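Its first residue numbered 404, the sequence shown is counted upward by one per residue in this note's numbering.
Reviewing the structure listed below.
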Amino acid sequence: MSANGSTESGCRSEVKPSNSICSQKELSVTASVISMTVGIVSNSLALFILVKSYNRIRIKSKASFLLFASSLVITDLLGHLINGSLVLFVYSSQKKWETFDPHRIVCSVFGMCMVFFGLSPLFLGSVMAVERCIGVTRPIFHSTMLVSRHMKRLLGLTWLLAALVAVLPVLLWRPYKVQSSRSWCFFPMEQPKDWLDVLLPLLFSMLGLLALLLSIVCNTLTSCVLLQARLRRKHHCRGTSYHIEMIWQLLGIMLVSCVCWGPLLVRTSPQSLRNKSLLSPKKQNSTSFSLLTVVRMATWNQILDPWVYILLRKAVLRKIFLLCPSLLFNEQIMALKVHITQNTIVCPST
């Protein structure tokens, strides 16, 4: 979750700077509180549904999927709690970083949380896509090799990789920087000093894009295999119903991740290669605003992810599929009644 604030330069340019800054701050804090509340409620509801399904399920491959799905929702929930709390703390401190964070400890923690809770959902989504692809295309290998303890280790390694990328700037003495809006911290992309300042955001961007690409490839392959099997009727509907439910959820996660995270990941790559000091002040403000906009879009990933599991469950999908044919059938019946009525009126009685 990022800060929903505007740049201070824009506030100072108003005729009444005090009223403008105050109104902007109130609007930003309100938006942050609403986003944080909606995210926590949505993820808590999705987590309740997933845990209930995990305790009830008896299919091993489904249990592995629910393990990763629950971990994804927990990650999103913690992201809202931690990042949201940091945002509110920054606003409550009037965004005076020099006063409340002279040693840049809060900024470093904020930046690490932004990177960790950003990459973790992308990594988990790609791992889930790979796991489902193996489960559908190589079911014997999946049932014999990908046992529960291996899945839990893979989950830990996924979180560890995201944590390593997040802590890497601190280990390399390239600490996170306060961005132009002064409401959040991220990689030092405005004025890169050397190749490390360019490499770190590029690494973040490339890993995120690679995770999205892997999800797209695996989900596409899984969907094609399931569609081919259903057309050839090689499997019973009961055997593939839970596969179809999971692939619908994976496609939903992939779509949400691409829409929410794609712009930021694509934007980060050229942004890290650009020296902002060479740009005009107007261009600098435009660049800062566009970067803040794509960060706001990325925060919606943690809000929309849980609704994928809430809405794309088998019970909900079944009701939708049953509702659509019934509506179509009712329309056909009404059309038939109108046709019969018109024929009765036109034709004379004998």
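Yeah, the Cβ is synthetic: ideal placement off N, Cα and C, and Gly gets one too.
Just so it is clear, the structure is predicted and the values come from calculations on it, not from any experiment.
{"Query": "Element boundaries [alpha helix (DSSP H), containing Q594]", "Result": "No alpha helix (DSSP H) contains Q594, which DSSP labels as neither H nor E."}
{"Query": "Straight-line Cα distance separating L599 from T547", "Result": "43 Å"}
{"Query": "Residue environment, C663, which counts as buried when at least 16 other CB atoms sit within 10 Å", "Result": "buried"}
{"Query": "Counterpart residues of V573 in DSSP-defined beta bridges", "Result": "Answer by DSSP bridge pairing: none, since V573 is not bridged."}
{"Query": "Cβ-Cβ distance between L522 and L563 below 9 Å", "Result": "no"}
{"Query": "At least three beta-carbon pairs within less than 8 Å, the stretch 486-493 to the stretch 435-442", "Result": "yes"}
{"Query": "Option in S693, A614, V659 and F544 with minimal Cα separation from V530", "Result": "A614"}
{"Query": "DSSP-derived helix/strand/coil call for H638", "Result": "With a pLDDT of 49 at H638, under the threshold of 50, the predicted position of this residue should be treated as unreliable, though the coordinate-derived value follows. It is coil, neither helix nor strand."}
{"Query": "C-beta contact flag for P666 and S445 at 9 Å", "Result": "no"}
{"Query": "Backbone secondary structure at V581 - three-state DSSP", "Result": "strand"}
{"Query": "Minimum C-alpha distance to L475 - residue among L453, K465 and S496", "Result": "L453"}
{"Query": "Proximal residues to M554 (C-beta, below 7 Å), its chain only, five neighbours per side dropped", "Result": "S467 and L470"}
{"Query": "Continuous alpha helix (DSSP H) stretch holding L549: start and end", "Result": "Per DSSP, L549 belongs to no alpha helix (DSSP H) and is neither H nor E."}
{"Query": "Coil, strand or helix - R716 by DSSP", "Result": "coil"}
{"Query": "S660 beta carbon less than 9 Å from that of G528", "Result": "yes"}
{"Query": "Residue environment, I508, which counts as buried when at least 16 other CB atoms sit within 10 Å", "Result": "exposed"}
{"Query": "Residue range of the alpha helix (DSSP H) that includes R535", "Result": "I508 to T540"}
{"Query": "Span of the alpha helix (DSSP H), counted from its first residue to its last, around W500", "Result": "W500 to F503"}
{"Query": "G538 to M657 span [Cα, whole Å]", "Result": "18 Å"}
{"Query": "Within 9 Å, strictly: CB atoms of P591 and Y579", "Result": "yes"}
{"Query": "Proximity below 9 Å, CB of V568 to CB of V518", "Result": "yes"}
{"Query": "Coil, strand or helix - W703 by DSSP", "Result": "coil"}
{"Query": "Short Cβ contact (9 Å threshold) for L603 with R577", "Result": "yes"}
{"Query": "Nearest-angstrom beta carbon gap, L448 and S473 [assumed within contact, 8 Å]", "Result": "Contact flag wrong, Cβ pair sits at about 13 Å."}
{"Query": "Contacting residues, own chain, Cβ-Cβ under 6 Å from C640 (five flanking each side not counted)", "Result": "No answer about C640 holds up, because its pLDDT of 48 lies below 50 and its placement is not dependable."}
{"Query": "Where S586 sits in the DSSP three-state scheme", "Result": "coil"}
{"Query": "Per-residue DSSP class, three states only, for Q762", "Result": "With the chain covering 404 to 753 only, the question about residue 762 has no answer from this structure."}
{"Query": "8 Å contact criterion, which T625 and R535 should meet: CB distance rounded", "Result": "5 Å"}
{"Query": "Through-space distance from W587 to D504, alpha-carbon basis", "Result": "13 Å"}
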